[in-house]
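Asker:
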Amino acid sequence: MTNRLSPHGLRALTAIGVSAAGVFAAMVAAPPAEAVVTRVGVMPDINFGFDTNYGTGCSHTVEAILTEAVTPVTFYDNGVPFATVPPSGGVALVTWVPSTTGLHTLRAVQGVDTGAYVQVEVGEGVHVGYGCLVRLP
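Sequential numbering of the sequence shown, starting at 831, is according to the working numbering.
1. Quick check on the DSSP output: what are the complete beta strand (DSSP E) runs of length 3 or more inside the segment 889-954, in order along the chain?
2. So for Tyr-884, helix, strand or coil by DSSP?
3. Along the chain, where does the beta strand (DSSP E) containing Val-866 start, and where does it finish?
4. Report buried or exposed for Val-958, applying the criterion of at least 16 other Cβ atoms within 10 angstroms of its Cβ.
5. Name the residue from Leu-963, Val-956, Gln-949, Glu-954 whose alpha carbon lies nearest to the alpha carbon of Val-870.
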């Protein structure tokens, strides 16, 4: 007994092979997704104040939520870079210690993206134990 394909079976097998090759080629040729920062947030950690929780000389955690977990993220404070870190699982975290009072624009940039930003008001920080008491000047 021999295994022979009918002409219809041979055409169906050829069509499946061509379709699979087309799908593979499309996957290989697809451009990679661009890295984008979708959100930036600032956590006050254990700092507190009546008007703002962010103070000079106090440590705060800046968080960037990302669409891609490989490309390093650069953080800026009022346009000045203060840290570049590798992301971990689509999130980048960095410690930020402001040195001046007033409005601060914190931006996170990944790749060629212009980045997302958040604005926070920074007051004068006074260390109290492990945290800071923050007051506006």
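Just so you know, even glycine gets a beta-carbon here, dropped at the ideal spot from N, CA and C. Since the model is a prediction, treat every value here as computed from it, not as a measurement.
Answerer: Per the coordinate set shown:
1. Those beta strand (DSSP E) runs which fall completely within the segment 889-954 and span 3+ residues are 890-896, 903-907, 910-915, 921-926, 932-940.
2. As a first step, residue 884 is located in the sequence shown; it is residue number 54 there, counting from the start. Strand.
3. The residue labelled residue 866 in the question sits at position 36 within the sequence shown. Segment: none, Val-866 is in no beta strand (DSSP E) and carries neither H nor E.
4. What you label residue 958 is simply residue 128 of the sequence shown in a count that begins at 1. Classification for Val-958: exposed.
5. Sequence index remark: in the sequence shown, residue 870 carries index 40 (1-based). Nearest Cα to Val-870 within the set Leu-963, Val-956, Gln-949, Glu-954: Gln-949.
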